[in-house]
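75 is the number that the working numbering gives to position 30 of the sequence shown; each next residue is one higher, with no gaps. Every residue gets a Cβ at the ideal spot worked out from N, C-alpha and C, and that includes glycine. Shown next, in structure tokens, is the structure this report addresses.
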Amino acid sequence: MLRHEFQPGRLIVGVFLTAAGIAYAGDAGGLWETEWFAVIPIMVAGLFLAAVTASMTRAIRKRRRPGARPDGTS
46 MLRHEFQPGR LIVGVFLTAA GIAYAGDAGG LWETEWFAVI PIMVAGLFLA AVTASMTRAI
106 RKRRRPGARP DGTS
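Here is the structure:
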């Protein structure tokens, strides 16, 4: 039994935040050099993809909700 609803947008944000953290952790550990501005495109892309995914998920769930009218109004 699920305790909460699965939210794919938050999953995507978490993956991109983890990638940014790994990039800085590798730099701190001396494995590679990460420029200070390298994480900005990672975060912007992650937030954009999460927003698109969350809006698509909301539209799909709203349409499939029981008791919804065919014209899309509540």
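Judged by beta-carbon spacing, G59 lies beyond the 9 Å limit of A99, meaning their Cβ atoms are not closer than that value. In this structure, DSSP gives R108 a helical state, which the three-state scheme calls helix. I67 counts as exposed, since fewer than 16 other C-beta atoms from the protein chains shown sit within 10 angstroms of its C-beta. In this chain, the alpha helix (DSSP H) harbouring A64 covers 53-73. Proximity to A65 across I85, E50, R48 peaks at I85, based on C-alpha coordinates. Counting only residues of its own chain and dropping the five nearest sequence neighbours on each side, I57 has a CB closer than 6 Å to the CB of L94, A95, T98. Inclusion of F61 and I87 in the CB contact set at 9 Å is warranted, their separation being smaller than that value.
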